[in-house]
Amino acid sequence: MTKAFVIGPFIGGLLSILYSFFTASAHGRNVLTGEPMDLQGIQAIYVFVNENGLASYLVTLLPVFVITTLVSCTVVYFWGRHT
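Numbering (the numbering used here), first residue to last: 754 to 836.
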């Protein structure tokens, strides 16, 4: 049981980071040139953190972290129980 509460949040955190990298995108225009910009992945995350702050970014990931942690804890608990 304790192993599930140690491994579950770790797996949930990793999955949240991967989800963030694969789904982050930002669309807009360059202020200086006016040309359209489409940013993906780490570039979009960088722009979001610069505009809104790190705390805001972490709060947006909180639902993903909670869901993946609950699923991971459940899987680890039942997997360890039946093996």
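Using N, Cα and C, we set each Cβ at its ideal position, and we do this for glycine too.
None of these values were measured; they are calculated from a predicted model.
By Cβ distance, which residues of its chain are closer than 8 Å to residue i, with the 5 residues on each side in sequence left out?
{"i": "D791", "result": "S778, A779 and H780"}
{"i": "L768", "result": "V817, T821 and S825"}
Can you give me the C-alpha to C-alpha distance between residue i and residue j, rounded to a whole angstrom?
{"i": "N803", "j": "F758", "result": "33 Å"}
{"i": "G794", "j": "T776", "result": "7 Å"}
{"i": "A797", "j": "S825", "result": "27 Å"}
{"i": "L823", "j": "I760", "result": "11 Å"}
{"i": "N805", "j": "L815", "result": "16 Å"}
{"i": "V829", "j": "A808", "result": "29 Å"}
{"i": "Y819", "j": "G766", "result": "First, the amino acid is wrong: residue 819 is Val here, not Tyr. Rounded to whole angstroms, V819 to G766 spans 9 Å at the Cα level."}
{"i": "V784", "j": "R834", "result": "57 Å"}
I need the DSSP call for residue i, collapsed to helix, strand or coil.
{"i": "G797", "result": "Reading off the sequence shown, one finds Ala at residue 797, where the question assumed Gly. Correct three-state label for A797: helix."}
{"i": "L792", "result": "strand"}
{"i": "G787", "result": "coil"}
Going by Cα to Cα distance, which pick from the options is closest to residue i?
{"i": "L811", "options": "G833, I770, G787 and R782", "result": "I770"}
Beta-carbon within less than 6 Å of residue i's beta-carbon, same chain only, minus the 5 sequence neighbours each way: which residues are those?
{"i": "F763", "result": "none"}
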